[in-house]
Each structure stands twice: as C-alpha cells, then as structure tokens.
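Q: Sequential numbering of the sequence shown, starting at 1, is according to my numbering.
Glycine included, C-beta positions come from ideal geometry on N, C-alpha and C.
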Amino acid sequence: MASWTAQQEQQEEEEGSEALIREAEHFHVFLKDFFPALDRFPRNSSWKGMVKASLILLESYFEANGDRQAIGDVLRSLGTLDSLGREVQVRQFKEIVTEALEEKTLPHGSFQRGGVCVSDLMPARGLSFRAVFIPGLVERSFPASPRQDPLLLDPERQAMNQDLKEKGHLPLKRYRFAEEKLLFTLALGAARERLILSYPRLDPSTGRERIPSFFLLRVGEALCGEAMDYSRLEKIPQYARVPLSRLAPEDSAETIDEGEFDLSQVGKAFRTRDRSEVSYFRRAFPFFNRSAELALRRWGFHTFTEYDGCLTSARARKVLRERFALSGQVLSATKLETYAACPFHYFLAEILGLKPLPSPEEIRRIQPLERGTIVHEILFRFYEAASKKYPGPLRRENLEPYWKMLEETARRSFTAAETQGWTGYPLLWEIDRQSILDDLRAFLEKEAQAEGWMTPSLFEVRFGHGSRRSQKGGAGEPISLALKDGAAFFLRGRMDRVDFSPARDSLRVIDYKTGILQGEEDGFCGGTTLQLPLYLMAACRIWKEADLEKSWAEYCSVSRKGKFARIPFRGDRWAEKEGNLKKILETISRGIREGTFFPFREKDRDCDYCDFKNLCEHGVDVLFQKKKKDPRAAAFLEMREIP
Numbered sequence: 001m002a003s004w005t006a007q008q009e010q011q012e013e014e015e016g017s018e019a020l021i022r023e024a025e026h027f028h029v030f031l032k033d034f035f036p037a038l039d040r041f042p043r044n045s046s047w048k049g050m051v052k053a054s055l056i057l058l059e060s061y062f063e064a065n066g067d068r069q070a071i072g073d074v075l076r077s078l079g080t081l082d083s084l085g086r087e088v089q090v091r092q093f094k095e096i097v098t099e100a101l102e103e104k105t106l107p108h109g110s111f112q113r114g115g116v117c118v119s120d121l122m123p124a125r126g127l128s129f130r131a132v133f134i135p136g137l138v139e140r141s142f143p144a145s146p147r148q149d150p151l152l153l154d155p156e157r158q159a160m161n162q163d164l165k166e167k168g169h170l171p172l173k174r175y176r177f178a179e180e181k182l183l184f185t186l187a188l189g190a191a192r193e194r195l196i197l198s199y200p201r202l203d204p205s206t207g208r209e210r211i212p213s214f215f216l217l218r219v220g221e222a223l224c225g226e227a228m229d230y231s232r233l234e235k236i237p238q239y240a241r242v243p244l245s246r247l248a249p250e251d252s253a254e255t256i257d258e259g260e261f262d263l264s265q266v267g268k269a270f271r272t273r274d275r276s277e278v279s280y281f282r283r284a285f286p287f288f289n290r291s292a293e294l295a296l297r298r299w300g301f302h303t304f305t306e307y308d309g310c311l312t313s314a315r316a317r318k319v320l321r322e323r324f325a326l327s328g329q330v331l332s333a334t335k336l337e338t339y340a341a342c343p344f345h346y347f348l349a350e351i352l353g354l355k356p357l358p359s360p361e362e363i364r365r366i367q368p369l370e371r372g373t374i375v376h377e378i379l380f381r382f383y384e385a386a387s388k389k390y391p392g393p394l395r396r397e398n399l400e401p402y403w404k405m406l407e408e409t410a411r412r413s414f415t416a417a418e419t420q421g422w423t424g425y426p427l428l429w430e431i432d433r434q435s436i437l438d439d440l441r442a443f444l445e446k447e448a449q450a451e452g453w454m455t456p457s458l459f460e461v462r463f464g465h466g467s468r469r470s471q472k473g474g475a476g477e478p479i480s481l482a483l484k485d486g487a488a489f490f491l492r493g494r495m496d497r498v499d500f501s502p503a504r505d506s507l508r509v510i511d512y513k514t515g516i517l518q519g520e521e522d523g524f525c526g527g528t529t530l531q532l533p534l535y536l537m538a539a540c541r542i543w544k545e546a547d548l549e550k551s552w553a554e555y556c557s558v559s560r561k562g563k564f565a566r567i568p569f570r571g572d573r574w575a576e577k578e579g580n581l582k583k584i585l586e587t588i589s590r591g592i593r594e595g596t597f598f599p600f601r602e603k604d605r606d607c608d609y610c611d612f613k614n615l616c617e618h619g620v621d622v623l624f625q626k627k628k629k630d631p632r633a634a635a636f637l638e639m640r641e642i643p
C-alpha cells in the first residue's frame, strides 16, 4: 500500500511538471509573437493611427465576444480626436484609453446568476443572496442622523396628511431611523450562507478614528446573548481586523497590475524584515528617495526639521528676511492671527501664496462669506442714513422710521447680491432674505433699547490703505508698531463702526460678526484674537482726543445664531495689555524671520474649515506632541499660553 501511494505521488508530480512545461512552452510561443507586435506599435502617430494599431492587437489577442466589441467601440470613438490637429504619443494615448475604458461598464453575467450585485438596501429588500457584504457601518452614516426637510417640516407634513387622509401620505422624517432599522434587518436576512459587516476604522480625510454604528452593537448582542459596548465588540470571536495591506496578495505571482505587485513586495519586506525586497523602488520611482527621507526626518527625530516646516538653510532664511520679514510691511490683524493659530497655514498662504481652487459647484443658497458681506453693506448704509436723519444713539421712539430705512437699504443690497450671482435658488434666497432682515431688526431693536451714551459716528473706516465711500473721519497713514527687537511694521484694517462719547473723550470700535463669536473678554487667546486690541490702539492714535484707558473695542454678533453677544476688549490697564501684545507680535515676527512654520493643531480646534487641511499629514497633532520640547517651539508655546 505504501509503495503504491509513493508511485501515485511520483506520477502526479511528473504529470504536474509536464503540464507546467507545456504551459511554459505555450507562453514562450505567445511572447515570441506578442513582443514583435508591440514593437510594431507606433510611438507617436495620429489618433486614428493609434486606434488602428490598437484594434489590430485587440483582434489578434482577444476572443470574438461582446467584451471585444465594446472595447473596440471605445477605441474607435477616440479617432475623432484627430480634430485637435496634433499627433499623440503612446504614453498619452495609453492614459486616455485607460480613462475611457474605466468609464465603460461591461455586462458580466446576469442578476443572481453570476458576478456581484452592488445595490442600495432599498432596491435589494426581499431578495436573497449566498453572501451579503454591508460596508461603511459607522455612526452618523448608517443610521444617518435624522434631519428635517427645510422646505416641508414634519408638523406641516402631518397637517397635510390629515387633509389628504386616504388620498396620499407624506413620510415623516422622524421615522427615518425606524425605516433604516427595518432595511438593515431585511439586509441581514438576505444572506443565505455568509454575512460580512464592516466599518472603516479611520476617516480617510482626517485620519481620526471613527465609531462603529450601534447597529453593529445590536448584532454583537445577538451573537453573544449579552449586553455589548464598543470596547467589547472587538473581543467577540466573529470580529476580525482587516489591514489595508491585505488588499495585495502575499504571493507576488498572483498580482494583476504593477500597483498590486509593489504593495505585495512591501508586505513581503515587512514580513521578512528584508529591505532588499523593495530595493528596486529607488530606481523605479524618482520620488521614493525623497519620500523616504521625508518620513525618516519627520517621524524619526524628536526635533523639528525642514520636513516639518522649519526652514534651516541659509538661503531660505535669507529669502525670508529679505522678502517676508514683518519689519517695514503693512499688515492686517488677520494675517498675524493666522500665524498664531497655525504657522504652517501662514507658510502656505502667505509665503508660498497658495489659494484653494474655486469650486464650480452649483450655488444652491447664499454662502456664509457672501451673507456676511451683505449684512455689513446693509448696516453701513443704514447707519449712514440714520446718523444724518436722526443724529445721536438709536432711540426706541424712532423704530418705525428705522424699519423703513432698513428695508430700503436691504432691498438695494439684496438686488446687488442677485446681480453678483450669490443667492442660489429663488425659494431658498427668499428664506435667507427674510432671515437676514429678521436678524437685523432684532439687533437694531436691542441697540435702541440699550439707551447707550455712545453715538454711532463713523462707518466702514479704512486705515492704512486709503478711505472708502463717504467715511467722515480721515484714516491717515498706516499705524506704525515698533517692537523691542528693533522690528517695526505698519497696521491696516477696516473698522465697521466707531462710536464716540458726547465729549469725544472716549470711543468704541465695533466689529460685526454674523456667526458665533470666538474669543474671550479682554483676551488675546494666545495671539488668535488680535483684531480688537490692534484696532483699539489704531483708533486712539487716529482720534487723539479719545482717552485709550476709557475706550474699548468689541466683537458684536448681529444674528440670532450668535445670540447678539458681545465680547469687549477694554483699554484700561493698557500698559500691562500692551506688554502682552508686543510679546505676541515679537514672537510672530521672530518665528517668520527664522522660518518656524510647523503645523499646530489645538486639542479643541477643528481644522475642517481650513483651506489646506488636505495638505497636512494625518497625525500632525501626535507629531507636534512628540517634538514640542524642541527649543524652537518654546517661544510659540509660551505665546499660546497668554490668555
């Protein structure tokens, strides 16, 4: 018996070897014919010439079926590009063909007879499959947070349903969760043999960890028969982590393209700890060496390097001193606040001059920036007209005339916004118009009821770059600021409104905000709220009759969203406050001059609205914590501690 088994194994090995030899011979014959055919392919030609050569290859090496016909149709369609009047190189032709084929869908099998069915849960309900995969099960995505339809709220839908009775029914948005719960249950029941539920652990855009959907917790409870939380979910026997590296086969012979082969080699190098598996990367990829150096110097050092935004070369420092040092420049408060918030953002925006690409997306409703512009425009026109007709503070007895003036100025600003193309869909614009008017009426009513002794006197006052419109007070030259280190620069800006006391011995600078206010009373917030102290100082230099110690500047919310809050910065104890202000400005000036531009992300600060968030590597906060003991960060961190 043992002898017979050995003979069988030997015979199978011989047959396998013979089959492998035959396959190798067939493959060799194929390559002898295929390579010369590729050599005959033109390196550059007209589009029709390229298409003709491609069709010859297609008909020679593809079976005559529907796939070949569909691919041929895509190739023939490219012949029309000859109208461009220029030849195409084979590399460019390959890229265009690849994109064209990726957009083409080829039928494969028939529904539930072959292939994979990719479907939403709704159209797939009631069907069954051998295996069901439900990806993307993360909180706030599935189930989605219930949101009201702004055009037809649930109470309105209920009222309409009562009137319609049996003639129709509008679904209520608050029942959306129950609907998704039912769909999920039906999807689970659709699996006859296998059920795979998955969720991405990290958000691909921010690198933050994501929370699995609580639907997964309910599934875990059903499997284990006990209460489940997120920490215990990962410990159940059915839970498995799937690293992204598994997307490439471990055996490089099974890879289907260059990308998979490279990933397979990377995986092999990690498993065997043998760098020679990827040694060809340095020759094959021109940017690999620089990328490897970037990763090493960024993550392998406990000090900031040029790859963290800290410029160290003498040439770079010279350029910074000559072209970008603050000394002698005319600056805005916003530019200074940008560096204090994140030096890397300042580097990208002010040193490299990068700007976000404009999005060609359709405008559905007015954007916050344009809304703020309209509100500022209306308030300027209103106060300018009101100060001429009713001098002094706003008074409650004049509310009716104020409303007429407000509606007139708003109508002009709304018309101008429509001409600019800011307003979006007419119905949504009608809602936004009314919302702006309601906000401003409520704001002006509060202003009139305050019975203040300060008189609104100057509006839209620009200083440092010439005057605008009919401002009543001259702004003069930019306001100069001299620091202890010898640097001196100039300040420019725009004051939305300046109020004076009856004797003009004190003033108030008001900066309108249409959103929720950020900042602290009498605070610098680590240099991120410099506008108020700088504007207060500038105003008291322009109007010298005003006593700085008795004056103040304030952020003023003009919307219900911001609750009409105010955040003042007072001029009292100015000597102490000026010391902190100059310390902040000196830190910013020195950081820019010395090339210190590391990314900085506060624990509670949200970078979602940053124009450059996609240029930051995931984990910049972790990286900063690792390197924050670098002496170059000491002055910046000390500045950030200034309240």
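Using 8 Å as the threshold, is the segment 507-521 in touch with the segment 555-565, meaning 3 or more CB pairs across them?
A: Yes, they touch.
Q: Starting from K181, follow the alpha helix (DSSP H) in both directions and report where the run begins and ends.
A: Unbroken alpha helix (DSSP H) run through K181: 176-189.
Q: With a 10 Å radius around its C-beta and 16 neighbouring C-beta atoms as the bar for buried, classify G591 as buried or exposed.
A: So G591 ends up on the buried side.
Q: Please confirm whether R130 and E193 have their CB atoms less than 8 Å apart.
A: Their beta carbons are under 8 Å apart, which means R130 touches E193 by this criterion.
Q: Three-state secondary structure (DSSP) at E525?
A: Correcting the residue identity first, residue 525 is Cys in this sequence and not Glu. In the structure shown, C525 sits in a helix (DSSP, three-state: H, G or I).
Q: May I have the straight-line CA-CA distance separating A64 from F27, to the nearest angstrom?
A: Distance between the alpha carbons of A64 and F27 is about 21 Å.
Q: Cα-Cα, which of A222, F459, W429 is closest to A539?
A: Out of A222, F459, W429, F459 has the C-alpha closest to the C-alpha of A539.
Q: Cα separation between S17 and E25?
A: Computed Cα separation, rounded: 12 Å.
Q: Within its chain, find whatever has a CB closer than 6 Å to the CB of D203; leave out the 5 residues flanking it on each side and keep chain order.
A: So the list reads R210, once near-sequence residues are dropped.
Q: Could you tell me the alpha carbon to alpha carbon distance between P200 and P212, rounded to whole angstroms?
A: Each residue's alpha carbon lies about 8 Å from the other.
Q: Give me, in chain order, the residues of the same chain whose beta-carbon lies closer than 7 Å to that of K104; leave out the 5 immediate sequence neighbours on both sides.
A: A70, V74, listed in sequence order.
Q: Are at least three pairs of beta-carbons, each pair with one atom in the segment 82-91 and one in the segment 33-52, less than 8 Å apart?
A: They touch, by the three-pair rule.
Q: What's the gap between the Cα of V622 and the Cα of C607?
A: For V622 and C607, the distance between alpha carbons rounds to 15 Å.
Q: What number of angstroms, rounded off, separates the C-alpha of Q420 from the C-alpha of V461?
A: Using only the alpha carbons, I get a separation of about 24 Å.
Q: Under the assumption that M639 contacts G523 (Cβ atoms under 8 Å), give the Cβ distance between them as a whole number of angstroms.
A: Their Cβ separation, rounded to whole angstroms, is 13 Å, which puts M639 and G523 out of contact at 8 Å.
Q: According to DSSP, is F27 part of a helix, a strand, or is it coil?
A: F27: helix per DSSP, three-state reduction.
Q: Mind checking who R275 pairs with in its DSSP beta bridge?
A: Its beta-bridge partners do not exist; DSSP assigns none.
Q: Helix, strand or coil, according to DSSP, for K513 in the structure here?
A: Of the three classes helix, strand and coil, the one that applies to K513 here is strand, per DSSP.
Q: Is the distance from the Cβ of L331 to the Cβ of A487 below 8 Å?
A: Going by C-beta atoms, L331 is not nearer than 8 Å to A487.
Q: What are the start and end residues of the alpha helix (DSSP H) that includes Q366?
A: Note on identity: in this sequence residue 366 is Ile, with Gln being the wrong assignment. Here I366 belongs to no alpha helix (DSSP H), and DSSP marks it neither H nor E.
Q: Between the C-alpha atoms of I588 and I510, what's the straight-line distance to the nearest angstrom?
A: For I588 and I510, the distance between alpha carbons rounds to 25 Å.
Q: Of the choices P599, K388, R541, whose alpha-carbon is the least far from that of R492?
A: Answer by Cα proximity: R541.
Q: Please identify the residue among D485, K626, C556 whose C-alpha is closest to the C-alpha of M495.
A: Here the closest residue by C-alpha is C556.
Q: Classify P143 as buried or exposed, calling it buried when 16 or more other Cβ atoms lie within 10 Å of its own Cβ.
A: That one is buried.
Q: Using C-beta distances below 6 Å, list every residue in its chain close to L311, excluding the 5 sequence neighbours before and after it, in chain order.
A: Hits under 6 Å: G595.
Q: Taking DSSP as the reference, what is the three-state secondary structure of Y555?
A: In the structure shown, Y555 sits in a strand (DSSP, three-state: E or B).
Q: For the alpha helix (DSSP H) holding L223, just list the boundary residues, first then last.
A: Taken as a continuous stretch (DSSP letters only), the alpha helix (DSSP H) holding L223 covers 214-224.
Q: Check the DSSP bridge columns for L491 and list the partner residues they point to.
A: Its beta-bridge partners are L331, I479.
Q: Spatial neighbours of T272 within its chain, please: CB distance less than 6 Å, with the 5 preceding and 5 following residues excluded, ordered by chain position.
A: Around T272: no qualifying Cβ.
Q: Can you find the residues in the same chain that come closer than 8 Å, C-beta to C-beta, to F304, ignoring five residues on each side of it along the sequence?
A: So the list reads C310, T596, F598, K627, D630, R632, A633, once near-sequence residues are dropped.
Q: Would you tell me roughly how many angstroms separate the C-alpha atoms of R601 and E641, rounded to the nearest one?
A: One C-alpha to the other measures close to 14 Å.
Q: Would you kindly work out how many angstroms separate the C-alpha atoms of L84 and L57, rounded to a whole number?
A: Between L84 and L57, the C-alpha separation is close to 25 Å.
Q: Could you check what DSSP says for V118 in three-state terms: helix, strand or coil?
A: Residue state, collapsed to three classes: coil.
Q: Is the number of C-beta pairs between the segment 231-242 and the segment 167-185 that are closer than 8 Å three or more?
A: Too few Cβ pairs lie closer than 8 Å, so no.
Q: So, helix, strand or coil for Q89, using DSSP?
A: It is a strand residue.
Q: Could you have a look at L152 and say whether DSSP puts it in helix, strand or coil?
A: Residue state, collapsed to three classes: coil.
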